[in-house]
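Trainee:
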Amino acid sequence: QQYLKEHSHWAPPNREKTFDEVKKQLLNAERVVVIGAAVEDDEIKIFNQPGDVFIAADGAVGAVENYAQLACVVSDLDGGTYLDIAASKGQTIVVHAHGDNLLQWQQTLALWEQYPSVPSLILSHQITTSVPGMYNFGGFTDGDRALCLALSLGVMPEKIQLIGFSINRIGQWSGITDAGKKLKKLRWMERIVSELNFGHFIKK
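Heads up: the sequence shown at position 94 corresponds to 78 in the numbering used here, and the numbers run straight through without jumps.
Below you can see the structure in the form of structure tokens.
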């Protein structure tokens, strides 16, 4: 986090402000739509009401045409071009840290800090101990972590809808990935989403 402290826009007070803004936006929404990487154009277009707010899982942000509806993107930084485009437009990214993406953090943030509109950041982790300035929302993949984020911030379950969640294929909006490993991860996604009682939204 030392690198972030040196960038005023990403310093702890501003990240905390971003967190509060995202929480307020989600709690005030009439419907929170979590967008997974297997989303199709016709699925997302029906969510066009003023009260619809989006949380995109990583590269699935590429399916979002109206950033005004976008609360944040949940990402471990492998979403590729679509994630970078959203970042360049000053969108809020919930950046997840895990054991093997430190180099990706360094490279990505070095790129993003050059944008005229710097993205806002919230930091997440997955360890059991508390980390100042970071949050453990739960979840394993970006998609189920996005759902966990909404629930942990207090969004009522009946207000949440999932689109673009599939266990049989890798979504068109997925970043560069190992197909075999990805499909195994999707099984964990299914388990987590189902345990949270949202399994009926998953395409099987």
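Even glycine gets a Cβ: it sits at the ideal position worked out from N, Cα and C.
1) CA-CA distance, Ile186 and Ala55?
2) For Ser101, which of Val18, Gln75, Pro(-3), Ser59 has the nearest alpha-carbon?
3) Going straight from the alpha carbon of Ala44 to that of Val18, what length do you get?
4) Between which two residues does the beta strand (DSSP E) containing Arg15 stretch?
5) What does the alpha-carbon distance come out to for the pair Ser114 and Ile106?
6) Three or more C-beta pairs under 8 angstroms: does that hold for the region 173 to 181 against the region 131 to 142?
7) According to the neighbour-count rule (16 or more other Cβ atoms, all chains shown, within 10 Å of its Cβ), is Pro103 buried or exposed?
8) What span of residues does the alpha helix (DSSP H) with Val6 cover, start to end?
9) Please classify Gly123 as buried or exposed, where buried requires at least 16 other C-beta atoms within 10 Å of its C-beta.
10) Taking C-beta to C-beta, are Asp46 and Phe149 nearer than 8 angstroms?
11) What does DSSP give as the partner residues of Ile77 in its beta bridges?
12) For Lys187, name the three-state secondary structure that DSSP assigns.
13) Looking only at its chain, what residues have a beta carbon closer than 7 angstroms to the beta carbon of Phe38, apart from the 5 residues adjacent to it on each side?
14) Tell whether a beta-carbon distance below 8 angstroms holds between Ala22 and Gly155.
Mentor: From the atom records:
1) Residue 186 sits at position 202 when you count from the first residue of the sequence shown. Residue 55 sits at position 71 when you count from the first residue of the sequence shown. Looking at the two C-alpha atoms, the distance is approximately 22 angstroms.
2) On the sequence shown, position 117 is the one that residue 101 refers to. The shortest C-alpha separation from Ser101 is found at Gln75.
3) Locating residue 44 in the sequence shown gives position 60, counting from the first residue. Locating residue 18 in the sequence shown gives position 34, counting from the first residue. Near 10 angstroms, if we compare the C-alpha coordinates of Val18 and Ala44.
4) On the sequence shown, position 31 is the one that residue 15 refers to. For Arg15, the enclosing beta strand (DSSP E) has its first and last residue at 15 to 19.
5) In the sequence shown, residue 114 corresponds to position 130, counting from 1. In the sequence shown, residue 106 corresponds to position 122, counting from 1. Each residue's Cα considered, the two are about 15 angstroms apart.
6) yes
7) Here residue 103 corresponds to residue number 119 of the sequence shown, with the count starting at 1. Per the 10 Å Cβ criterion, buried.
8) If you number the sequence shown from 1, residue 6 lands on position 22. In the DSSP assignment, Val6 falls within the unbroken alpha helix (DSSP H) covering -4 to 12.
9) Position 139 of the sequence shown, counted from the first residue, corresponds to residue 123. Buried.
10) Position 62 of the sequence shown, counting from 1, holds the residue named residue 46. Position 165 of the sequence shown, counting from 1, holds the residue named residue 149. It is worth fixing the name first, because residue 46 is Gly in this sequence and not Asp. No, Cβ-Cβ distance for Gly46 and Phe149 is not below 8 angstroms.
11) In the sequence shown, the residue the question calls residue 77 occupies position 93. Paired residue(s): Val57, Leu105.
12) Working through the sequence shown from its first residue, we reach residue 187 at position 203. Strand, per DSSP.
13) As a first step, residue 38 is located in the sequence shown; it is residue number 54 there, counting from the start. Same-chain partners within the cutoff: Val17, Ile19, Val48, Gln53, Leu54, Ala55.
14) Here residue 22 refers to the residue found at position 38 when the sequence shown is read from its first residue. Here residue 155 refers to the residue found at position 171 when the sequence shown is read from its first residue. Result yes, Cβ atoms of Ala22 and Gly155 sit closer than 8 angstroms.
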